[in-house]
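Residue numbering for the sequence shown follows my numbering, beginning at 535 and increasing consecutively.
Don't be surprised by glycine CBs; every beta carbon is placed ideally from N, CA and C.
Read the structure below first, then the notes.
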Amino acid sequence: MITAAQMRAARALIGLSQADVARRAGVSIPTVKRCESGSERAPMVSAETQDKVRAALEAEGVEFTNGNQPGVRLRRP
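Written out as structure tokens, the structure is:
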């Protein structure tokens, strides 16, 4: 599972607004806001919803990393 901080960082990395991500993921803007403000201990959206947002970000070239500390980077072509 990815963190809210990773979602915020991923969106910033590719320069999308919350509205852009919501449109691509097929969810509402408030849902994206909840994804980006939840904590690992108490996610504010379902795993299914988080997967939709994650898939939308990955479709734009984001790769989520979970080494020593969770992070994000752009996938190499």
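For residue i, the first and last residue of its enclosing alpha helix (DSSP H)
{"i": "Glu-594", "result": "It is not in any alpha helix (DSSP H) - Glu-594 carries neither H nor E in the DSSP assignment."}
Residue interval of the beta strand (DSSP E) (run including residue i)
{"i": "Arg-607", "result": "604-608"}
Reduced DSSP secondary structure (H/G/I, E/B, other) of residue i
{"i": "Thr-537", "result": "coil"}
{"i": "Ser-551", "result": "coil"}
{"i": "Ser-571", "result": "helix"}
{"i": "Val-566", "result": "helix"}
Beta-carbon contacts of residue i that lie in its chain and below 7 Å, excluding the five residues immediately before and after
{"i": "Thr-599", "result": "Gly-605, Val-606, Arg-607"}
{"i": "Ile-538", "result": "In the sequence as presented, Ile is not what sits at residue 538; that position holds Ala. Excluding positions up to five away in sequence, the list reads Cys-569, Glu-570, Ser-571, Gly-572, Ser-573."}
Any chain B beta carbon closer than 7 Å to residue i
{"i": "Arg-568", "result": "Of the chains in the structure shown, none is chain B; there is only one protein chain."}
Bridge-paired residues (DSSP) for residue i
{"i": "Thr-583", "result": "Bridge partners of Thr-583: none, in fact."}
{"i": "Thr-599", "result": "Gly-605"}
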